[in-house]
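Residue numbers (the working numbering): 5 to 425.
Below, the structure written as structure tokens:
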């Protein structure tokens, strides 16, 4: 079995492609199930966050899985398969494991060390487990990723440095307009991103925060936690004309159109405002008008790069942990691949033993039950001891860097005359 990772993220892919790949949970399930149903894919899982979409697949043929993934996604999104290939990344083997561990440990995030990604990663695993598209290989890889992420956070100070996308978003606004304490802030969306930003604005001293959400109860809950005011979702156009900072982070794509913005700007009579679009797909159509600043998720990158410099030392230690853990898991996966073959060998040896014992018992009908049982125990012990050292040596060999598990497997098949299938 081979491991393949294919993905799209803020480094490699345009916002247009990332918007098309921003699958809600139902589409994630549908796509993962569709992939797992293909002959070349044995296991699959999907991870979707605001900055990345990735597929994790296990199967017998890397090329077949890659081809199947891009064909399936092209049909699902309507995008050209070659465009998807151009703006994606593909990893296999050790590189795939390392990448997965880097993602789970937040070393590949826009904000290195942010805590949110691990929760999203666990959600991806839970979804795959519930849909039964994850099998023994992905179970092993995901749980190893959880362990690695915990070790990175425990053994380095990467999680103690300046924190989340929400923090960066507020810092970016403050860089543009200065002090935000007396500004009117309107947050559309009470989900994870909206909540992070609203709390960060409050932490920075903002005292006039309004919250709108399709679920009004969620808006009320978030407003209460930031000492703000919940307003009906369908009143958002009114607040476009009054708020100084508008944050949009809701699902469903475009919410605030060019005409909505122009109408609000007319009512504002020249008063400046900031429009911060943190949604993927984007919620806001950008308009080139005076006294307006439009920012989206990609504009966070400059600040994120500054943040990365602060975390570089911790990141180096974290990378060493990830390499060590990835090599350990690679060996464990080779053992997992070999397990059915080793079991086959043990069963064959037991079958030979049983046949030989049967022949002896037939030739010596005078043997008592106790004598026969003693001979069985002795024969079992002999088989076990004969196989012990070869199996141990095979596992040790697999632990050596650069050893090809497929070659080891084929050698065992040849020695014990086991057919390829």
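A virtual CB, placed ideally from N, CA and C, is assigned to each residue, including glycine. Because the structure is a prediction, the values reported are computed rather than measured.
Suppose contacts are defined by Cβ-Cβ distances below 8 angstroms. Is residue i in contact with residue j by that definition?
i: residue 160; j: residue 326; result: no
i: residue 101; j: residue 330; result: yes
i: residue 197; j: residue 304; result: no
i: residue 189; j: residue 212; result: yes
i: residue 201; j: residue 173; result: yes
i: residue 428; j: residue 96; result: Residue 428 is absent from the model: the chain starts at 5 and stops at 425.
i: residue 137; j: residue 40; result: yes
i: residue 59; j: residue 48; result: yes
Got a sec? Which residues, its chain only, sit under 7 angstroms from residue i by beta carbon, not counting five neighbours each side?
i: residue 24; result: 81 and 83
i: residue 387; result: 353, 354 and 357
Whose C-beta lies closer than 6 angstroms to the C-beta of residue i among residues of the same chain, with five residues either side of it excluded?
i: residue 209; result: 185
i: residue 69; result: 8, 44, 45, 61 and 63
i: residue 52; result: 27 and 32
Out of the options, which has the shortest C-alpha to C-alpha gap to residue i?
i: residue 111; options: 323, 355, 155 and 302; result: 323
i: residue 45; options: 64, 335 and 59; result: 64
i: residue 399; options: 345, 360 and 359; result: 345
i: residue 352; options: 14, 422 and 278; result: 422
i: residue 283; options: 302, 366 and 122; result: 302
i: residue 139; options: 106, 37 and 396; result: 37
i: residue 218; options: 230, 254 and 247; result: 254
Under DSSP, the alpha helix (DSSP H) around residue i begins and ends at which residues?
i: residue 71; result: 66-81
i: residue 48; result: Here residue 48 belongs to no alpha helix (DSSP H); instead the beta strand (DSSP E) covers 47-52.
i: residue 122; result: 120-134
i: residue 105; result: 97-108
i: residue 263; result: 262-272
i: residue 33; result: 29-40
i: residue 19; result: 19-24
i: residue 204; result: 196-207
Taking DSSP as the reference, what is the three-state secondary structure of residue i?
i: residue 368; result: coil
i: residue 279; result: strand
i: residue 59; result: strand
i: residue 190; result: strand
i: residue 230; result: coil
i: residue 142; result: helix
i: residue 184; result: coil
i: residue 291; result: coil
i: residue 174; result: helix
i: residue 299; result: strand
i: residue 116; result: coil
i: residue 284; result: coil
Terminal residues of the continuous beta strand (DSSP E) containing residue i?
i: residue 10; result: 6-13
i: residue 250; result: 249-252
i: residue 85; result: Looking at the DSSP string, residue 85 is not in any beta strand (DSSP E); the run it does join, the alpha helix (DSSP H), is 85-90.
i: residue 216; result: 212-216
State yes or no: is the C-beta of residue i nearer than 7 angstroms to some heavy atom of the ligand ATP?
i: residue 291; result: Among the components of this structure there are no ligands whatsoever, and the ligand ATP is therefore not found.
Using a Cβ-Cβ cutoff of less than 8 angstroms, which residues in the same chain neighbour residue i once the five nearest sequence positions on both sides are dropped?
i: residue 98; result: 330, 331 and 334
i: residue 20; result: none
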